[in-house]
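Chains as they are written, first to last, in this note's numbering: chain A, 1 to 313; chain B, 1 to 426. Ideal Cβ positions, reconstructed from N, Cα and C, are used throughout, including at glycine. Because the structure is a prediction, the values reported are computed rather than measured. Beneath this line is the structure, given in structure tokens, with notes to follow.
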Amino acid sequence: MAIGTVGVAAAADRTSLRAKAWGLLDREEWLGPIFVSPALILLLLLVAYPFCMALYFSVSNAFIGRPSHFVGLRNFIDLWGSDAFRQTFQNAFVFSGAAVGAKLFLGISLALLLNEQLWFKRLIRGAVLLPWVIPTALSTLGWSWMFNSLYSVVNWTGLALGLMNPPGPNWLGQQYYAMTAVVVVNIWRGLPFFAITILAGLVAIPRELYEAAEADGAGPVARFWHVTLPLLKPVLAIVVLFSTIFTFSDFNIVYVLTHGGPINSTHLFATLARQIGLETGRIGEGAAISLYLFPALMIVVWAQLRFVRKQAY
Amino acid sequence: MSSITRRHFLTTTTGAGLAGILATGLPPARGQQREISYLCWNNFAPLSDKKLAEIAPRFTKDTGIKIRIDHIAAPQQAAKYASEVQTQAGHDLVEMRMHVPWLYEPQLVDVSDLVADLEKKYGKVIGSGYEAAHVHGAWRAVPQYHAVFVSAYREDLFKKAGLKAPETWEDLYKVGRELKKMGNPVGIPISQNFDTISTGSAVMWCHGAREVDKDGKTVKINSPQTAEVIEWYKKMYRDCMEPEVLSWTDASNNESLQQGKAGWIHNPVSAYIVARDQKLVTADGINHHLSLSGPAGRHDVDAPRSIGIWKFSKNVEPAKEWIRYLLGKKEVYDEYIMSGGGFNLPIYTKMQDHAVLKTDPKLAILKGEGVNYHTYGWPAPASDKVQLITNSFILPNMLAKAVTGTSTKDAIAWAENEMKKIMAGS
């Protein structure tokens with residue numbers, strides 16, 4: 001009988017534990033974190049861990065497959081002694097400044113155009129997104145053929161129209177042309193992001209404001225300066241913020257088109273970091289290159305977000 | 001019909017997964033055994049890659065070992081090796097160009113036993129193969145084949161213009177001026193790629209110039225011989241070539257010859273093989289002659305390839321079995337070499353007169369004894385630092401700076417400074 005009693009009690013305990021466990025799973029405060037945790041773990045593994053590793057590498061003399069030691073900020077300081085790095089630093093600002101500036105101007109223009117009553121409006125809006133949708137490496141490969149010294153359709157057209165002297169510009173082989181080529185492809189690729197986002201901002205502007213401005217005698221230019229632009233500011237700030245970050249950290253376009261050449265004249269931080277860190281094995285230096293602008297970009301992000309918040313409230 | 005509740009979903013999926021792992025005692029990825037993976041480059045002779053894909057299932061049938069062969073473009077190889085070593089995960093076997101085995105010495109299995117067996121059968125590995133993979137007294141990769149740089153030219157155009165195939169780099173300048181006037185310039189790349197290093201190295205050696213001295217420590221780029229080389233490049237760029245060479249990839253000189261533009265290039269025979277196999281109109285007119293010589297004699301740049309096994313591999317023995325099958329079985333090795341049509345040359349001395357050279361009279365030039373063949377960095381002993389100098393593209397950038405306006409003195413000083421930084425590194 002005693003054995004039977006113990007058995008029944010143990011079974012009752014198990015049932016009660018199971019019931020408690022089921023009960024916990026029915027409570028949102030437990031079930032929520034359980035469902036969120038896989039995403040959180042993925043974020044920690046795929047974002048936080050690599051970032052921390054990169055931070056560690058940047059302050060070490062890490063070389064692929066060999067033990068490394070802490071060297072403090074030596075990598076960051078030594079990089080200024082590198083001709084290739086100084087060139088890259090300059091390239092990054094020229095590339096980003098030119099590309100973001102052009103995308104902003106063209107993006108606003110395109111958005112204003114798309115906001116008008118056009119035939120096949122939906123089709124055109126969809127088509128505008130194409131450069132943004134096609135995988136960058138693939139579309140850039142197409143551009144590399146268009147700029148290829150042997151098969152360049154750009155030069156062929158220019159020569160056929162009498163706009164160029166034979167053999168035409170060496171797009172990827174001469175530094176100013178090469179920089180122009182990578183900037184053009186970046187603009188082509190990033191323009192839809194600007195245009196569609198700004199268009200969304202334009203659509204949200206109440207028509208009454210335009211009607212009121214028109215009633216006050218404002219022409220199209222005045223309406224743009226005094227109604228459209230001020231109300232677009234928050235959208236523009238966000239678009240410029242994202243684009244600045246994406247453009248500074250661009251990799252695909254330069255890697256596929258020029259590999260950073262000629263003579264490092266189109267290298268950006270990401271492409272130089274790859275060359276130094278992976279192709280030559282010096283991952284300490286490579287990580288330092290890729291993180292060089294991180295503090296500056298953080299300040300830009302903070303300032304722009306602050307501006308956006310001020311605009312919103 | 002009963003519906004699935006959230007808690008049922010959680011308990012069932014978690015329980016089933018864990019039960020499977022506990023029952024087998026192995027994590028899921030480890031459940032399968034005797035399967036190896038092999039990473040190769042996209043061979044410039046594409047039929048070689050097809051042949052590998054044919055050999056793989058036969059290997060599986062004969063040995064019971066499954067093999068997965070992956071290919072990657074040559075420019076991406078270095079980064080791929082680095083990421084595999086850093087993560088200690090990836091392929092079991094990797095094909096390595098030049099003396100990459102020196103760079104990854106601590107990460108590669110000692111394969112001296114395999115090489116000893118192959119040398120018994122086929123004779124010693126030729127000099128360039130030894131320079132590339134014999135690291136500090138041990139073989140860190142098994143020499144597989146080599147591709148030597150020769151002169152590939154449009155014989156038909158030369159005949160038409162009454163030009164004689166050059167024998168020296170100086171002859172090439174004279175011929176090159178005529179070729180450019182004909183609209184068929186010389187095609188020597190001056191950009192961040194390996195072909196630029198290959199031709200640049202050969203020109204340097206033939207003029208008695210070198211990057212690093214025989215001691216492997218002293219940077220010797222700053223010399224009158226290097227200045228001579230740069231002056232030669234400047235006049236070649238100005239009078240015999242077009243600015244397009246500054247943007248070329250490794251494939252561009254091949255394409256230029258194949259598409260009928262370049263009249264002369266310095267390259268392995270892959271340009272001709274592809275033109276011939278694809279039946280391009282230029283194929284018949286293309287022929288080869290020896291690489292050129294200079295004041296210090298003739299030195300050819302050679303690109304040996306070898307197969308290494310990562311130490312982190314869990315399948316070292318099956319991986320060795322693949323190498324024994326591909327290179328150790330003479331009929332398989334022969335078949336593989338034949339598939340390259342003369343691009344992949346056997347790297348063992350007794351095989352230098354291989355049947356592949358008799359398949360096309362235009363390949364006869366390749367029957368070499370290998371005494372003048374060197375890998376990048378020669379005469380410095382192959383080392384990880386020499387690899388760093390190579391992979392940092394210092395030589396191509398020095399040449400590119402010089403031909404685009406930097407003075408010879410400044411271009412050399414820049415290269416010397418960059419090389420010294422690498423040699424001084426830890």
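Practice prompt. For residue 172(A), go through chain B and note every residue whose CB falls closer than 7 Å to its CB, in chain order.
Written response: Translated into positions along the first sequence, residue 172(A) becomes position 172. Going along chain B in sequence order, the residues near residue 172(A) (Cβ under 7 Å) are 247.
Worksheet item: Would you report the Cα separation of residue 125(A) and residue 229(A), rounded to the nearest angstrom?
Response: Numbered from its first residue, the first sequence carries residue 125(A) at position 125. Numbered from its first residue, the first sequence carries residue 229(A) at position 229. Approximately 21 Å, taken between the alpha carbons.
Worksheet item: Is there contact here, the stretch 399-411 of chain B with the stretch 228-244 of chain B, by at least three beta-carbon pairs under 8 Å?
Response: The stretch 399-411 of chain B is in contact with the stretch 228-244 of chain B.
Discussion item. Under 8 Å, Cβ to Cβ, is there at least one residue of chain A near residue 173(B)?
Written reply: Indexing the second sequence from 1 puts residue 173(B) at position 173. Answer no: the Cβ-Cβ gap between residue 173(B) and chain A never drops below 8 Å.
Practice prompt. Entirely within the stretch 57-89 of chain B and at least 3 residues each: give me those beta strand (DSSP E) ranges in chain order.
Written response: Qualifying beta strand (DSSP E) stretches, in chain order: 66-72.
Worksheet item: Taking 8 Å as the CB-CB cut-off, is residue 19(A) touching chain B?
Response: Sequence index remark: in the first sequence, residue 19(A) carries index 19 (1-based). No, no contact with chain B.
Worksheet item: Can you tell me the Cα-Cα spacing of residue 208(B) and residue 379(B), whole angstroms?
Response: On the second sequence, residue 208(B) is found 208 positions in, with the first residue counted as 1. On the second sequence, residue 379(B) is found 379 positions in, with the first residue counted as 1. Roughly 10 Å separates the two Cα atoms.
Discussion item. Please report whether the beta-carbon of residue 379(A) lies at a distance below 8 Å from any beta-carbon of chain B.
Written reply: Past the edges of chain A, shown from 1 to 313, lies residue 379(A), and the structure says nothing about it.
Discussion item. With a threshold of 8 Å between beta-carbons, can residue 166(A) be considered close to chain B, or not?
Written reply: Stepping through the first sequence from its first residue, residue 166(A) is reached at position 166. Under the Cβ criterion of 8 Å, residue 166(A) is not counted among the residues facing chain B.
Worksheet item: Under a CB-based cut-off of 8 Å, is residue 259(B) close to chain A?
Response: What you label residue 259(B) is simply residue 259 of the second sequence in a count that begins at 1. Interface criterion met: the Cβ of residue 259(B) is under 8 Å from a Cβ in chain A.
Worksheet item: Can you tell me whether DSSP reads residue 282(A) as helix, strand or coil?
Response: Against the first sequence, residue 282(A) aligns to sequence position 282. DSSP places residue 282(A) in coil when its eight states are reduced to three.
Item to complete: Name, in chain order, the residues that DSSP records as bridge partners for residue 346(B).
Response: The residue given as residue 346(B) occupies position 346 in the second sequence. 145(B).
Worksheet item: When burial is assigned at 16 or more other CB atoms within 10 Å of the CB, is residue 127(A) buried or exposed?
Response: Position 127 of the first sequence holds residue 127(A). Classification for residue 127(A): exposed.
Worksheet item: By the criterion of Cβ-Cβ separation under 7 Å, what are the contact partners of residue 279(A) in chain B?
Response: The sequence position of residue 279(A) within the first sequence is 279, counting from 1. Correct list: 78, 79, 391.
Practice prompt. Closer than 6 Å by C-beta to residue 124(B): which residues in its own chain qualify, once you throw out the five before and the five after it? Chain order, please.
Written response: The sequence position of residue 124(B) within the second sequence is 124, counting from 1. Excluding sequence neighbours, residue 124(B) sits near 349.
Practice prompt. Name the residue from 220(B), 131(B), 35(B) whose alpha carbon lies nearest to the alpha carbon of residue 99(B).
Written response: For the purposes of this step, residue 99(B) is taken as the residue at position 99 of the second sequence. The closest CA to that of residue 99(B), considering only 220(B), 131(B), 35(B), is found on 131(B).
Worksheet item: Residue range of the alpha helix (DSSP H) that residue 255(A) falls in?
Response: Indexing the first sequence from 1 puts residue 255(A) at position 255. 252-257 is the span of the alpha helix (DSSP H), which, as asked, contains residue 255(A).
Discussion item. Quick check on residue 243(B) - is its C-beta less than 8 Å from some C-beta in chain A?
Written reply: For the purposes of this step, residue 243(B) is taken as the residue at position 243 of the second sequence. Chain A, which has a Cβ nearer than 8 Å to the Cβ of residue 243(B), makes this yes.
Practice prompt. Identify which residue in 187(B), 85(B), 377(B), 140(B) has its Cα closest to the Cα of residue 300(B).
Written response: One-based indexing of the second sequence puts residue 300(B) at position 300. The alpha carbon of residue 300(B) has as its nearest neighbour, out of 187(B), 85(B), 377(B), 140(B), the alpha carbon of 377(B).
Worksheet item: Using a Cβ-Cβ cut-off of 7 Å (strictly less than) and excluding sequence neighbours within five positions of residue 231(B), which residues of its own chain qualify?
Response: Counting from 1 along the second sequence, the entry for residue 231(B) is found at position 231. Once the five neighbours on either side are set aside, the close Cβ partners of residue 231(B) are 408.
Worksheet item: With contact counted as at least three CB pairs below 8 Å, one residue from each stretch, are the stretch 264-272 of chain A and the stretch 87-102 of chain A in contact?
Response: Short answer: they touch.
Worksheet item: residue 152(B) bridges to which residues according to DSSP?
Response: Within the second sequence, numbered from 1, the residue matching residue 152(B) stands at position 152. Answer is 265(B), 288(B).
Practice prompt. Compute the Euclidean distance between the alpha carbons of residue 91(B) and residue 83(B), then round it to the nearest angstrom.
Written response: Taking the second sequence and counting its residues from 1, one reaches residue 91(B) at position 91. Taking the second sequence and counting its residues from 1, one reaches residue 83(B) at position 83. Taking the CA atoms as reference points, residue 91(B) sits about 11 Å from residue 83(B).
Worksheet entry | Distance between residue 114(A) and residue 130(A) (C-alpha atoms, nearest Å) | Start at 1 with the first residue of the first sequence, and residue 130(A) comes out as number 130. Start at 1 with the first residue of the first sequence, and residue 114(A) comes out as number 114. Distance between the alpha carbons of residue 130(A) and residue 114(A): 15 Å.
Discussion item. Taking only three categories from DSSP, how would you classify residue 168(B)?
Written reply: To locate residue 168(B), count along the second sequence from 1; it is residue 168. Secondary structure of residue 168(B) (DSSP, three-state): strand.
Practice prompt. Return the residue from the list 250(A), 249(A), 133(A), 279(A) that minimises the CA-CA distance to residue 194(B).
Written response: Indexing the second sequence from 1 puts residue 194(B) at position 194. Comparing C-alpha distances from residue 194(B) to each of 250(A), 249(A), 133(A), 279(A) shows the shortest one belongs to 279(A).
Practice prompt. Name, going along the chain, the residues of the stretch 252-269 of chain A whose beta-carbon falls closer than 8 Å to a beta-carbon of chain B.
Written response: Only 258, 259, 260, 261, 262, 263, 264 from the stretch 252-269 of chain A bring a Cβ to less than 8 Å from some Cβ of chain B.
Worksheet item: Among the residues of its own chain, which have a CB less than 6 Å from the CB of residue 29(B), if the five just before and after it don't count?
Response: Here residue 29(B) corresponds to residue number 29 of the second sequence, with the count starting at 1. Because the pLDDT of residue 29(B) is 47, which lies under 50, any placement of that residue in the model is unreliable, and the question is left without a value.
Discussion item. In this structure, how does DSSP classify residue 38(B) when only helix, strand and coil are distinguished?
Written reply: Residue numbering aside, residue 38(B) sits at position 38 when the second sequence is read from its first letter. Strand, per DSSP.
Worksheet item: Between the C-alpha atoms of residue 187(A) and residue 147(A), what's the straight-line distance to the nearest angstrom?
Response: Numbered from its first residue, the first sequence carries residue 187(A) at position 187. Numbered from its first residue, the first sequence carries residue 147(A) at position 147. Roughly 16 Å separates the two Cα atoms.
Worksheet entry | Three or more C-beta pairs below 8 Å linking the stretch 385-393 of chain B and the stretch 306-317 of chain B | When C-beta atoms of the stretch 385-393 of chain B are compared with those of the stretch 306-317 of chain B, fewer than three pairs fall below 8 Å, so the two segments do not count as touching.
Fill in: residue 99(A) and residue 235(A) closer than 8 Å at C-beta
As a first step, residue 99(A) is located in the first sequence; it is residue number 99 there, counting from the start. As a first step, residue 235(A) is located in the first sequence; it is residue number 235 there, counting from the start. No, they are not a contact pair.
Worksheet item: Just the Cα atoms here: how many angstroms apart are residue 330(B) and residue 290(B)?
Response: Walking along the second sequence from the start, residue 330(B) turns up at place 330. Walking along the second sequence from the start, residue 290(B) turns up at place 290. Whole-angstrom Cα-Cα distance: 29 Å.
Worksheet item: When the cut-off is 8 Å and only beta carbons count, does residue 28(B) lie next to chain A?
Response: The residue labelled residue 28(B) in the question sits at position 28 within the second sequence. Per-residue confidence for residue 28(B) stands at a pLDDT of 49, beneath the threshold of 50, marking its modelled position as unreliable; the derived number appears in the next sentence. Chain A, which has no Cβ nearer than 8 Å to the Cβ of residue 28(B), makes this no.
Worksheet item: Distance, Cα to Cα, residue 314(A) vs residue 107(A)?
Response: Only positions 1 to 313 of chain A appear in this structure, which leaves residue 314(A) out of reach.
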